[in-house]
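Protein chains in written order, with our numbering: chain A, 39 to 198; chain B, -17 to 376. Below: the structure, in structure tokens.
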């Protein structure tokens, strides 16, 4: 039941409890309680909207930054990761398995803003030993959704 | 003296469905259609990619008449693992151009034309059984399935039409257009009659993967004494959303498959090679895709059932395929009148039940091979239409 709810919510968080219950053949109250429980337990971490900012008048620059760090005794990578993810312009921080240590996804208004974040804030952290910044030129697909084009139903109107 | 260039038998065939009605729909680009009997999903990418790869590798040759051995072996694995029946990939299997070709071949391989041999066809059902039976020179014998039996075939209905000329029964379950299924207990009722009367079965199981009960699909071929008298037809169109690839298969007794293969060899040569390579990938790595699509269909099915329940239109719960088959008799319109007015007044296209046989009168086939958004919009309009009919009494 939980997994079924999550699979639907992951694609459409705006769905009503009533429709969710109908589609899963479940009781409304039961579905509502499950969602509440999952929110409390931190299984559901938020309800966001996927926006293709390219199609708006707002300019954004997105970058993926590889960060190499010296892990700290007793803390591993967690404390340096925390210092980085607390910056609001940082969208995501992942600990990686090879090549470098942390992958930081950052959104800024301009190229300069991203550059100065890397040179002034990130590189100057004590345990950071190196960075490599990759700017995103175009987003084709994000969060499992293809942004480039909308699919049209090209099937015949009638097939028996 | 001029000769008639046409075959009288072919000319006499009824055109498929309700042509006039369909032509109107095609001229209304803004109509929402719930009339399509094929998945709205694209073929999963890894399957498409395997087809592309086979083209890149230059695998553009014919395969053997029976189809790629690799594919036949995968089909045997698949049928064993999913439905508990096993077929010899060498002698008991034929890869066809969609399930449809398998239907045509079965009839032609088994029927002696013009001898009055009978093929029993339960209706409402897919539109090609009757014309294919006629073209093969058989006499189609129709059973009108009943809503009160949830459109399942009962032993009494079967017994009532059997004669000494009965050769074959078409078993079209899970059913298009009703969504009905035959569960194990239903099949067990008819099996002794079939064996006793020496009747073969063409079991069209193209919707086998799309059932919504815990028990899942049961093939009649898996019941004792039935494998040797069943031609099992299946394919990739519905389960893997591969309609345009035109790929199906027939499994059955060696003697019948050998004759079917002969006709296939002369008329078709072999099924499309690209599709066969893609199908190997589908069977090896496609189980999860099938489960995901089944889940999506099931959610839409529940949504539609709920809407019709609220609307107060009787609709038995269909446990298979991707159709619901609500009854509109209380509204005082024929299926075709209802469908035509719904199209004109609300711009929603559904298929009148009569397209699938006379016993479909009073019913509509509504496909849920559509996105939830499209279904919600269309159902809203249907609700409005039904309420208008009720309030005006016409």
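Every residue, glycine too, gets a C-beta built ideally from N, C-alpha and C.
Notebook entry, point to check: Tell me, which residues are paired with residue 146(A) by DSSP?
Noted result: 99(A)
Notebook entry, point to check: Cβ of residue 109(B) less than 8 Å from any chain A Cβ?
Noted result: So, interface residue.
Next item on the list: Please go through the same chain and pick out, in chain order, the residues whose beta-carbon is closer than 6 Å to the beta-carbon of residue 155(B), but skip the five residues on each side of it.
Entry: So the qualifying residues of the chain are 163, 164.
Notebook entry, point to check: Relative to the alpha-carbon of residue 263(B), which residue among 53(B), 247(B), -13(B), 118(B) has its alpha-carbon at the smallest distance?
Noted result: 53(B)
Note to self: I'd like to know if the segment 134 to 150 of chain B and the segment 172 to 179 of chain B are in contact, where contact means that at least 3 CB-CB pairs between them fall below 8 Å.
What the structure shows: yes
Check: What are the boundary residues of the alpha helix (DSSP H) that residue 373(B) is part of?
Finding: DSSP places residue 373(B) in the uninterrupted alpha helix (DSSP H) bounded by 354 to 374.
Notebook entry, point to check: From residue 215(B) to residue 92(B), what distance separates their C-alpha atoms?
Noted result: 15 Å
Checklist line | Ranges of the beta strand (DSSP E) found wholly within the segment 178 to 210 of chain B, counting only runs of at least 3 | finding: The DSSP assignment places complete beta strand (DSSP E) segments of no fewer than 3 residues inside the segment 178 to 210 of chain B at 182 to 186, in order along the chain.
Item checked: Backbone secondary structure at residue 111(A) - three-state DSSP -> coil
Notebook entry, point to check: Anyone know if the C-beta pair for residue 52(A) and residue 281(B) falls short of 8 Å?
Noted result: no
Check: In chain order, what residues of the same chain have a beta carbon less than 6 Å from the beta carbon of residue 109(B), not counting five sequence neighbours either side?
Finding: -2
Notebook entry, point to check: Does residue 18(B) get closer than 8 Å to chain A when you measure Cβ to Cβ?
Noted result: So, interface residue.
Next item on the list: Take residue 133(A) as the anchor and find which of 126(A), 150(A), 115(A) has the nearest alpha-carbon.
Entry: Distances from the alpha-carbon of residue 133(A) to those of 126(A), 150(A), 115(A) put 115(A) closest.
Check: Taking Cβ positions only, does residue 271(B) come closer than 8 Å to chain A?
Finding: Interface with chain A (8 Å Cβ-Cβ cutoff): residue 271(B) is excluded.
Checklist line | Nearest-angstrom beta carbon gap, residue 83(B) and residue 234(B) [assumed within contact, 8 Å] | finding: Wrong, their Cβ atoms sit about 14 Å apart, outside the cutoff.
Margin query: Considering only their Cβ atoms, is the gap separating residue 153(A) from residue 143(A) smaller than 8 Å?
Written below: no
Check: Where does residue 196(A) fall in DSSP's three states?
Finding: Secondary structure at residue 196(A): strand, using DSSP grouped into helix, strand and coil.
Check: Starting from residue 100(B) and walking both ways along the beta strand (DSSP E), at which residues does that stretch end?
Finding: Looking at the DSSP string, the run of the beta strand (DSSP E) that includes residue 100(B) is 100 to 105.
Check: Would you say the beta carbon of residue 179(A) comes nearer than 7 Å to a heavy atom of the ligand SAH?
Finding: With respect to the ligand SAH, the structure shown offers nothing to examine, as it has no ligands at all.
Next item on the list: Determine the contact status of residue 11(A) and residue 90(A), defining contact as a CB-CB distance below 8 Å.
Entry: Residue numbering for chain A in the displayed model covers 39 to 198; residue 11(A) lies beyond these limits and cannot be assessed.
Check: Mapping DSSP to helix, strand and coil, what is residue 16(B)?
Finding: coil
Check: In this structure, does DSSP put residue 179(A) in helix, strand or coil?
Finding: strand
Check: Per DSSP, what kind of secondary structure is residue 86(A) in: helix, strand or coil?
Finding: coil
Next item on the list: State the CB to CB distance for the pair residue 183(B) and residue 153(B), rounded to an integer number of angstroms; the pair is presumed to be in contact (CB under 8 Å).
Entry: Your pair residue 183(B) and residue 153(B) checks out as a contact, with CB atoms roughly 5 Å apart and the cut at 8 Å.
Note to self: With the cut-off set at 8 Å, would you say residue 47(B) and residue 247(B) are in Cβ contact?
What the structure shows: yes
Note to self: In this structure, how does DSSP classify residue 330(B) when only helix, strand and coil are distinguished?
What the structure shows: strand
Check: With C-beta atoms as the reference, is residue 176(B) less than 8 Å away from residue 102(B)?
Finding: No; because the gap between Cβ atoms is not below 8 Å, this pair is not in contact.
Next item on the list: Could you tell me the distance, in whole angstroms, from the CA atom of residue 286(B) to the CA atom of residue 218(B)?
Entry: Residue 286(B) and residue 218(B): Cα-Cα distance of roughly 26 Å.
Item checked: Spatial neighbours of residue 85(A) in its chain, beta-carbon cut-off 6 Å, leaving aside the 5 residues before and after -> 51
Margin query: Extract the residue ranges of the beta strand (DSSP E) inside the segment 114 to 169 of chain B, only unbroken runs of 3 or more that lie entirely within it.
Written below: 121 to 126, 148 to 153
Margin query: Taking 8 Å as the cut-off, does the segment 262 to 276 of chain B touch the segment 219 to 226 of chain B (at least 3 CB pairs, one atom from each stretch)?
Written below: yes
Checklist line | Nearest neighbour of residue 322(B), chosen from 207(B), 2(B), -7(B) [CA to CA] | finding: 2(B)
Next item on the list: Please check if any C-beta of chain B sits within less than 8 Å of the C-beta of residue 197(A).
Entry: yes
Item checked: 9 Å Cβ cut-off: residues of chain B touching residue 191(A) -> 15, 18, 22, 352, 353, 356
Checklist line | 7 Å CB neighbourhood of residue 89(B) in its chain, flanking five on each side removed | finding: 101, 114, 115, 118, 120
Notebook entry, point to check: To the nearest angstrom, how far is it from the Cα of residue 35(B) to the Cα of residue 44(B)?
Noted result: 16 Å
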